[in-house]
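**Q**
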Amino acid sequence: MGFLDGLRGGREVDFDSGSAASNAIELTKRHNRVSLTKQGAATGNLRVNLTWRMRTSDIGGSQRESLLRHPFKALKPPEVLGHSQSMVNVDLDLGCLYELADGTKGVVQPLGGLLGDVNAPPYVKLSGDDRFGSASGETMYVNLDHRDQIKRLLVFVYIYDQTPAFDRTHAIVTLYPSNGPRIEIGLDERHPQARSCAVVMIENVKGEL
Numbered sequence: 294m295g296f297l298d299g300l301r302g303g304r305e306v307d308f309d310s311g312s313a314a315s316n317a318i319e320l321t322k323r324h325n326r327v328s329l330t331k332q333g334a335a336t337g338n339l340r341v342n343l344t345w346r347m348r349t350s351d352i353g354g355s356q357r358e359s360l361l362r363h364p365f366k367a368l369k370p371p372e373v374l375g376h377s378q379s380m381v382n383v384d385l386d387l388g389c390l391y392e393l394a395d396g397t398k399g400v401v402q403p404l405g406g407l408l409g410d411v412n413a414p415p416y417v418k419l420s421g422d423d424r425f426g427s428a429s430g431e432t433m434y435v436n437l438d439h440r441d442q443i444k445r446l447l448v449f450v451y452i453y454d455q456t457p458a459f460d461r462t463h464a465i466v467t468l469y470p471s472n473g474p475r476i477e478i479g480l481d482e483r484h485p486q487a488r489s490c491a492v493v494m495i496e497n498v499k500g501e502l
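In my numbering, each number is its position in the sequence shown, counted from 1, plus 293.
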């Protein structure tokens, strides 16, 4: 699993605690590590959630030109937009590459119906496939009660139709541990032409996640 090997780095813990109001840890390329074990969150089900929506700049591009000609339109309250083709034409999928302690390797993803299992290997399961960027998004569960059987997991996101459109979404992956603050990763640090994005690695290093 060379792709996973290439993403491994040092072991130091480094993260942005975020604001007190948000009660969240933000992981970025600069602040990119946190210990689940040290915050007492290495048991139970770890919920991994992907949410996204189209940027308003892409659904209201024609309005900008209109404002140049009619600046007082900016004083009018914004229209509430429902789902339209321009808002739902990007389908992001959540997936997970896994390597278990016994050497078993594989993938959990919507493509091919590889939804996994939370109570049996690989102890990772997708709850479904959201094609509309709804508020609930896509959710994956990791059973950390079987952490001793898990060597490493790589959570990733890919665009179903391969259109490079990450820059037109407000995509966020949030980890909800069984204890402690949630962990947020914004998908805003990737190549503009990217069609997939490696989000976060969860590793079992000498018993510590």
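Here a beta-carbon is modelled for each residue, glycine too, at the ideal position from N, C-alpha and C. All values reported here derive from a predicted model rather than from experimental measurement.
What does the alpha-carbon distance come out to for the pair residue 338 and residue 488?
**A** 29 Å
**Q** Kindly indicate which residue of 482, 452, 475 has the alpha-carbon position closest to the one of residue 383.
**A** The closest CA to that of residue 383, considering only 482, 452, 475, is found on 452.
**Q** Considering only the alpha carbon of each residue, which of 404, 317, 341, 395 lies closest to residue 411?
**A** For the options 404, 317, 341, 395, the alpha carbon positioned closest to that of residue 411 is the one of 341.
**Q** Give the straight-line distance between the Cα atoms of residue 385 and residue 501, rounded to the nearest whole angstrom.
**A** 31 Å
**Q** Excluding the 5 residues preceding and the 5 following residue 350 in the sequence, name in chain order all residues of the same chain whose CB lies nearer than 6 Å to its CB.
**A** Low local confidence applies: a pLDDT of 47 at residue 350 is under 50, so the model's placement there is unreliable, and no value is given.
**Q** Taking buried to mean at least 16 other C-beta atoms within 10 Å of its own C-beta, is residue 406 buried or exposed?
**A** exposed
**Q** Assuming residue 475 is part of the beta strand (DSSP E), what are its boundary residues?
**A** 475-479
**Q** Here's the rule I'm using: 16 or more other beta-carbon atoms within 10 Å means buried, otherwise exposed. How should residue 472 be labelled?
**A** exposed
**Q** What residue does the beta strand (DSSP E) around residue 386 start on, and which one ends it?
**A** Counting along the chain, residue 386 sits inside the beta strand (DSSP E) bounded by residues 385-393.
**Q** Please classify residue 567: does DSSP put it in a helix, a strand, or coil?
**A** Residue 567 lies beyond the stretch modelled for the chain, which goes from 294 to 502, so this question has no answer here.
**Q** Got a sec? Which residues, its chain only, sit under 8 Å from residue 454 by beta carbon, not counting five neighbours each side?
**A** Excluding positions up to five away in sequence, the list reads 384.
**Q** Which residues in the same chain have their Cβ closer than 7 Å to the Cβ of residue 329, if we skip the five residues on either side of it in sequence?
**A** Answer for residue 329: 335, 470, 502, listed in chain order.
**Q** For residue 402, I'd like the list of residues in its chain whose CB is within less than 7 Å of its CB, leaving aside the five on either flank, ordered along the chain.
**A** 386, 388
**Q** Note down the Cα distance separating residue 344 from residue 420, rounded to an integer number of angstroms.
**A** 14 Å
**Q** Going by other Cβ atoms of all chains shown within 10 Å of its Cβ, with 16 needed for buried, is residue 462 buried or exposed?
**A** Residue 462 is classed as buried because its beta carbon has at least 16 other beta carbons within 10 Å across all chains shown.
**Q** Just verifying my parser: in three-state terms, what is the DSSP assignment at residue 337?
**A** coil
**Q** Thinking residue 477 and residue 495 are a contact (beta carbons under 8 Å), I'd like their distance in whole angstroms, please.
**A** Going by Cβ atoms, the distance from residue 477 to residue 495 rounds to 15 Å, so no, they are not a contact pair.
**Q** Could you give the first and the last residue of the continuous beta strand (DSSP E) run that contains residue 469?
**A** 465-469
**Q** Of the choices 436, 439, 468, whose alpha-carbon is the least far from that of residue 449?
**A** 468
**Q** Tell me which residues share the same chain as residue 375 and place their Cβ nearer than 8 Å to its Cβ, disregarding the 5 neighbours each side in the sequence.
**A** Annotation note: pLDDT 39 at residue 375 (below 50); position unreliable, coordinate value reported separately. Closer than 8 Å at the Cβ level, and outside the excluded window around residue 375, lies no residue.
**Q** Applying the criterion that 16 or more other CB atoms from any shown protein chain within 10 Å of the CB defines a buried residue, is residue 499 buried or exposed?
**A** exposed
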